[in-house]
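Below is one structure, written out as structure tokens; the observations come after it.
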């Protein structure tokens, strides 16, 4: 950036051979990395999804067979797709707003707010896999803390083994971490809101709620965007926690887990796994494109 | 460069970048001197790791030519997950792996060295062992080392206290289970959170009902899962489920073994090392087992499920192109095939039993001796469901299928139809 601007001021002739070499290296390395780490594997996945390959033998083209198989003949696929969307909805509609609520409460300076702030932030420093292990200590049927507290020894609830229940327990555990993350981001945003805005609103006779929704919240727009993006990313990349709990089976299926199940290991079904990866890519693209369109429109309206 | 090669290159490159291949880094050894053999080990747990180290050290000591083993240990799961790339990349000369289908698969792909000439000199191995070490082409590829039979485990003290006797038939098994329930015990400890432990029960019910041949053919994809014989297996299993610990899909094998140890549960279908790992030292002598009961008298208790671990020679190992190295590697295998070599290992890891009948069983625990009896009396030895069939079938189809069955045992028809449909697509990719 700075090089080209400087070059622009002094005229294009100032590009020496050395400048060009530096530019070439500086631009070339990221482009190469981008091609090899992002585009290469992406395109390879798409190509491989139309083949059958076990990682050793020949690659055979099989057309759309993997996809047909996936949609009609793979019992884990639809639950996994549903869970991915549920994950997104839960984080977006429950955990994120809850994080905002906590941020607002702490920002208003409730008693012991520093204590709450650090307690709620604590899980953010843990890896999601570790959160998964902690969740098992709490929710395990025979030896878990929750059943011990409930004192339910006759017919203990199988929090992690019951496929109708376990996804919710894991969502709670994931939200535990996500909420703290969102809270800290909003706290930073709230600190930056100009106090005079609130005063002006108060003088105009706005209630607390009105002040928040009409005045404070709109000024948080940049934070909202970041939080939105983080929520989508967190939801789509969810993997480690379910893998730590039960390898993402029996009610905890996610697309990312199915990709891993099929591709990693001996005699891998690389073609089939790639087809699932492409579906995950499409789902992600759906959100990325929506986000970009929104952003570009937002920029224009401003 | 053809398009196919280009594509494959791109894919392998992508795989190498996105999935850090830890194993590739371990492939390079000193090699050149013809006397140092590199060994790819998946024994990352401390007990077997130490026991293997003892065995390899003993090999170096007895070798008159100054041959020695250099071990590259990789975390067990990482080893499993990377085995494909490992065998195709720069593998060690010798590696640890499993008998049966999972060995045959790689043999068929040309990734292993034929060691039939070694087998000519091996002694003390039963025909069943040889069969499990043989590829589909009739040549041998594996040097077996130890195995661990599966059976129904229980505590002696619990059986004594209540006056139970080991059941011989399924009816007696159920009668015993009913009695245990009256005595406020969970009759059968049961777990499948890890996805594989319940496979042992499936295998046993299947082999007791339909025999070993059917098990083998079913696993090889040659029988239909919609066959009445498979449905019978699930029906029998359903009749046992009321006596099994509920919530199996949320319980690890460690937790199930613990409930056996705490005398909350009366019995459990396990492999030899499983209860051993969860029982404190003082209570080890209290572990006992009986063979899985008879269901169909025609097959009796002929088959025993006993996964075999052993050693393979990797074809892509560069060192093995060297004659001296190859000789050293085969010499190592020959030594590992002796009863003495197995004794050294088992002294450090008493949760398995030696495959060779020349091994010294005088130091075995009574439980190990009983296990030897069980295996040597077997007419057929099966591996485990996931070692007797294609790994992609067992992990992507059978694990979820059995977990579904545990959740909804009534819909057997829907289940076997779904298994059969998926099986067809997976086995259809066979070259």
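Chains as they are written, first to last, in the numbering used here: chain E, 1 to 302; chain A, 303 to 733. A virtual CB, placed ideally from N, CA and C, is assigned to each residue, including glycine.
(Q) So if I threshold CB-CB distances at 7 Å, which residues from the region 676–705 of chain A count as touching chain E? (A) Under the 7 Å Cβ criterion, the region 676–705 of chain A contributes 692, 693, 694, 697, 698, 701, 702, 705.
(Q) Just to confirm my understanding: we take residue 692/A, look at its own chain, exclude 5 residues before and 5 after, and list those with CB closer than 8 Å. What are they? (A) 403, 407, 523, 728, 729
**Q.** Local Cβ density within 10 Å of residue 329/A, reported as buried at 16 or more and exposed below that
**A.** Any reading at residue 329/A needs caution, since the residue's pLDDT is 41, under 50, leaving its predicted position unreliable; the model's value is listed next. So residue 329/A counts as buried.
Q) Which residues, in chain order, does the region 379–395 of chain A contribute to contact with chain E at a C-beta distance below 9 Å? A) Hits within the stretch, in order: 382, 383, 384, 385, 386, 387, 389, 390.
Q: List the residues that DSSP assigns as beta-bridge partners of residue 442/A.
A: DSSP output for residue 442/A lists 436/A as bridge partner(s).
Q.
Which same chain residues end up closer than 6 Å to residue 561/A when comparing Cβ atoms and leaving out the 5 residues on each side of it in sequence?
A. 491, 567
Q: Label residue 668/A either buried or exposed according to how many other C-beta atoms from any shown protein chain fall within 10 Å of its C-beta, with 16 as the threshold for buried.
A: exposed
Q.
Below 7 Å on C-beta distance, what does residue 368/A contact in chain E?
A. Residues of chain E passing the Cβ test: none, with the nearest at roughly 36 Å.
Q) Do you know whose CA, among 711/A, 718/A, 715/A, 699/A, lies nearest residue 70/E's CA? A) 699/A
Q. Can you give the Cα-Cα distance for residue 325/A and residue 389/A, rounded to whole angstroms?
A. In this prediction, residue 325/A scores a pLDDT of 43, lower than 50, which makes its location untrustworthy; no coordinate-derived value is stated.
Q. Which two residues bound the contiguous beta strand (DSSP E) that contains residue 573/A?
A. 567–573
**Q.** Simplified DSSP state of residue 415/A, which is helix, strand or coil
**A.** Residue state, collapsed to three classes: coil.
Q) Closer than 7 Å, Cβ to any Cβ of chain A: which residues of the region 236–269 of chain E, in chain order? A) 246, 247, 249, 250, 261, 262, 264, 265, 266, 267, 268, 269
Q) Could you check where the alpha helix (DSSP H) with residue 637/A kicks off and where it finishes? A) Segment 625–638, the alpha helix (DSSP H) holding residue 637/A.
Q) How many angstroms separate the CA atom of residue 315/A from the CA atom of residue 541/A? A) Low per-residue confidence applies at residue 315/A: pLDDT is 46, beneath 50, and the placement is therefore not dependable, though the value from the model is reported in the following sentence. Between residue 315/A and residue 541/A, the C-alpha separation is close to 51 Å.
Q: Starting from residue 117/E, find everything on chain A with Cβ-Cβ shorter than 8 Å and list it in chain order.
A: Within 8 Å Cβ-Cβ: nothing; residue 117/E doesn't reach chain A, min ~35 Å.
**Q.** Where the beta strand (DSSP E) through residue 491/A begins and ends
**A.** 488–491
(Q) Let me confirm a value: residue 241/E is counted as buried when at least 16 other C-beta atoms fall within 10 Å, else exposed. Which label applies? (A) Residue environment analysis places residue 241/E among the buried positions, since at least 16 neighbouring C-beta atoms fall within 10 angstroms of its C-beta.
Q) Can residue 471/A and residue 596/A be called in contact, C-beta distance under 7 Å? A) yes
Q. Nearest CA to the CA of residue 344/A: which residue from 357/A, 377/A, 352/A?
A. 377/A
**Q.** Any chain A beta carbon closer than 7 Å to residue 273/E
**A.** Taking Cβ atoms only, chain A never reaches closer than 7 Å to residue 273/E, which makes this a no.
Q) From residue 725/A to residue 554/A, what does the alpha carbon distance come to, in whole angstroms? A) 27 Å
Q: Hey, could you find the ends of the alpha helix (DSSP H) residue 690/A is sitting in?
A: 687–690
Q) Do the CB positions of residue 635/A and residue 445/A come within less than 7 Å of each other? A) yes
Q) Which residue comes first and which comes last in the alpha helix (DSSP H) that contains residue 19/E? A) 17–33
Q: Grab me the residues of residue 181/E's own chain with a C-beta within less than 6 Å of its C-beta, minus the 5 sequence neighbours each way, in chain order.
A: 124
(Q) Given this structure, state the Cα-to-Cα distance separating residue 145/E from residue 228/E, to the nearest angstrom. (A) 33 Å
Q) Applying the criterion that 16 or more other CB atoms from any shown protein chain within 10 Å of the CB defines a buried residue, is residue 354/A buried or exposed? A) buried
Q: Starting from the beta carbon of residue 551/A, find every residue of chain E whose beta carbon is closer than 7 Å, and list them in chain order.
A: 161, 250
Q | Nonlocal neighbours in the same chain, by C-beta distance under 6 Å from residue 79/E, ignoring five residues either side | A | Same-chain partners within the cutoff: 253.
Q: Could you run through the region 66–79 of chain E and flag, in chain order, every residue whose CB is less than 8 Å away from some CB of chain A?
A: Result list: 69, 73, 74, 75, 76.
(Q) Distance check for residue 424/A and residue 614/A, CA to CA, integer angstroms please. (A) Going from the Cα of residue 614/A to the Cα of residue 424/A covers about 15 Å.
Q | residue 497/A: contacting residues in chain E (beta-carbon distance under 9 Å) | A | The contacting residues are 246, 247, 249, 250.
Q) According to DSSP, is residue 466/A helix, strand or coil? A) coil
Q) Are the beta-carbon atoms of residue 183/E and residue 120/E separated by less than 7 Å? A) Taking a C-beta distance under 7 Å as the contact criterion, residue 183/E and residue 120/E qualify as a contact pair.
Q) Under 6 Å from any heavy atom of the ligand ADP, does the C-beta of residue 239/E make it? A) This structure lacks the ligand ADP, and indeed carries no ligand of any kind.
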